[in-house]
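Add 15 to a position in the sequence shown, counting from 1, and you land on the number used in my numbering. This report refers to the structure that appears directly beneath it.
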Amino acid sequence: MNSQQKDNLNRRRDPRVAVRFKATYRIVQPENGKERLKFQTHNLGSGGLMFYSDHPIEVETHLEVSLFLDEEPIELIAEVIWMKKEPRTGQIDPGYAIGLRFEIVTDGNFAKIDQCAQQFN
16 MNSQQKDNLN RRRDPRVAVR FKATYRIVQP ENGKERLKFQ THNLGSGGLM FYSDHPIEVE
76 THLEVSLFLD EEPIELIAEV IWMKKEPRTG QIDPGYAIGL RFEIVTDGNF AKIDQCAQQF
136 N
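Here you go:
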């Protein structure tokens, strides 16, 4: 772990738990249309999440995220706060580990995420 990653961990206000949930995202830019890409969380906390992607996403990019903790998705806006190229076993192309910070979450959805994170902690 490099010093930048350690700084990111030290700045994190909310603990994360290793938990897998289905989710989708769309980059918040008009030219990107309505295409949503699927992913699975690697860890989750009330302040953000981390996931792996085949595609790089630039830091400071804003995403519309649908997080499926149960039948009804939680809709939120998140910002990419870090991205790291990751080697993948058995793959030619590297993947990317991507850290998101939740930016816009309704109070009810924030409570659901927080409750879920505490349940798995």
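Even for Gly, the Cβ is constructed at its ideal location relative to N, Cα and C.
(message) By the three-class DSSP mapping on this structure, what secondary structure does K99 have?
(response) strand
(message) Would you say D69 lies against chain D (beta-carbon separation less than 8 angstroms)?
(response) In the structure shown, chain D cannot be found, because there is only a single protein chain.
(request) For G62, name the three-state secondary structure that DSSP assigns. (result) coil
(message) Please report the straight-line C-alpha distance between E73 and G123, rounded to a whole angstrom.
(response) 29 angstroms
(request) Spatial neighbours of A33 within its chain, please: CB distance less than 6 angstroms, with the 5 preceding and 5 following residues excluded, ordered by chain position. (result) N58
(request) Report the residue from P71, Q130, L84 and G114 whose alpha carbon sits nearest the alpha carbon of V95. (result) G114
(request) Select from R41, K53, S61 and R35 the residue whose C-alpha is nearest the C-alpha of Q130. (result) S61
(request) Look at the alpha carbon of P71 and the alpha carbon of Q134, and state the distance between them as a whole number of angstroms. (result) 31 angstroms
(request) Evaluate T56 with the Cβ neighbour count: other Cβ atoms within 10 Å of its Cβ, from every protein chain shown; 16 or more gives buried, anything less gives exposed. (result) buried
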